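Q: If you scroll down you'll find the structure; I have some questions about it.
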Amino acid sequence: MQVYKLLSALLEYPSQDLLDHLPELQTFVAQNVDIDKAEREALSGFLSHLSSFPLTELQADYVKTFDMTAEHSLHLTHHLFGDDKNRGPALIDLGELYKDYGVEVVTNELPDYLPLVLEFTAYLDDSEATVFLSDAKKVLSVLTENLTKAESPYAALLSIVEGRATLTKLAA
1205 MQVYKLLSAL LEYPSQDLLD HLPELQTFVA QNVDIDKAER EALSGFLSHL
1255 SSFPLTELQA DYVKTFDMTA EHSLHLTHHL FGDDKNRGPA LIDLGELYKD
1305 YGVEVVTNEL PDYLPLVLEF TAYLDDSEAT VFLSDAKKVL SVLTENLTKA
1355 ESPYAALLSI VEGRATLTKL AA
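Numbering-wise (our numbering), the sequence shown opens with residue 1205 and increments by one.
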């Protein structure tokens, strides 16, 4: 499991299956050398948050956070275009990119849904992943800021994604 797959799973609607696997996820976070100290602390904190609440409360919070608040939408092009007609071509282009890499989308979600974007990112090598995510850096920054202002525990996850979307990491 790669970090992007983990982030994708954690940004999905919470399920009992996710809660059942929290011990394995904690072990993965603690032992993965591709996760830096700050990311490890953020992920461990988020996993602890998940273990502190019943599933129904986590699900209610998820809906309130992402489905009821447009500024927190996990559909990235929504932050760029809203419901503007220019959103359609951006979604088509992203779907075509997935196909170019041989990735078949087997969900009803739009191609800009962040967990799906992260799932695709897991197919890329580190440099490609950084460049790919850097295209969404501005949106990721806005989304992280919005979630931070709302004091959402999901802000920590978005902060990790935003940090990994920084091209200056490639120069280091």
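Just so it is clear, CB atoms sit at the ideal spot from N, CA and C, and this is done for glycine as well.
Quick caveat: nothing in here was measured; it's all calculated off a predicted structure.
In terms of alpha-carbon separation, which member of ASP1330, GLY1306, HIS1279 and TYR1305 lies closest to ALA1369?
A: ASP1330
Q: State the Cα-Cα distance for the pair THR1348 and GLU1323, rounded to the nearest angstrom.
A: As the crow flies, the alpha-carbon of THR1348 is around 19 Å from that of GLU1323.
Q: Pairing CB atoms from the segment 1333-1351 with CB atoms from the segment 1230-1238, are three or more of them under 8 Å?
A: no
Q: Grab the span of the alpha helix (DSSP H) containing ASN1350 for me, first residue to last.
A: From DSSP, the alpha helix (DSSP H) with ASN1350 extends over 1341-1353.
Q: Which residue's Cα is closest to the Cα of ALA1326: HIS1253, ASP1238, GLU1228 and SER1256?
A: ASP1238
Q: For HIS1283, which option in ASP1304, LEU1344 and TYR1217 has the closest C-alpha, if you only look at C-alpha atoms?
A: LEU1344
Q: In this structure, how does DSSP classify TYR1302 when only helix, strand and coil are distinguished?
A: helix
Q: For HIS1225, report the span of its alpha helix (DSSP H) as first-last.
A: Premise fails: HIS1225 is in no alpha helix (DSSP H) and is neither H nor E.
Q: Between ALA1294 and LEU1301, what straight-line distance do the alpha-carbon atoms span, to the nearest angstrom?
A: 11 Å
Q: Would you call the CB atoms of PHE1270 and LEU1259 closer than 7 Å?
A: no
Q: Using 10 angstroms around the beta-carbon of ILE1296, count the other beta-carbons present and answer buried if the total reaches 16, otherwise exposed.
A: exposed
Q: Is it true that the segment 1354-1364 meets the segment 1210-1228, where meeting means three or more beta-carbon pairs spaced less than 8 Å apart?
A: Counting C-beta pairs closer than 8 Å gives three or more between the segment 1354-1364 and the segment 1210-1228, which meets the contact rule.
Q: Tell me which residues share the same chain as ARG1291 and place their Cβ nearer than 8 Å to its Cβ, disregarding the 5 neighbours each side in the sequence.
A: THR1281, HIS1282, LEU1284 and PHE1285
Q: Is the separation between the beta-carbon of LEU1226 and that of LEU1251 shorter than 7 Å?
A: yes
Q: Looking at the ligand SAH, does it come within less than 6 Å of LYS1241, judged from the CB to the closest heavy atom?
A: With respect to the ligand SAH, the structure shown offers nothing to examine, as it has no ligands at all.
Q: Within 10 angstroms of the Cβ of THR1311, are there 16 or more other Cβ atoms? Answer buried if so, exposed if not.
A: exposed
Q: When the distance is taken between beta carbons, is LEU1298 closer than 7 Å to PRO1315?
A: The Cβ atoms of PRO1315 and LEU1298 sit closer than 7 Å to each other.
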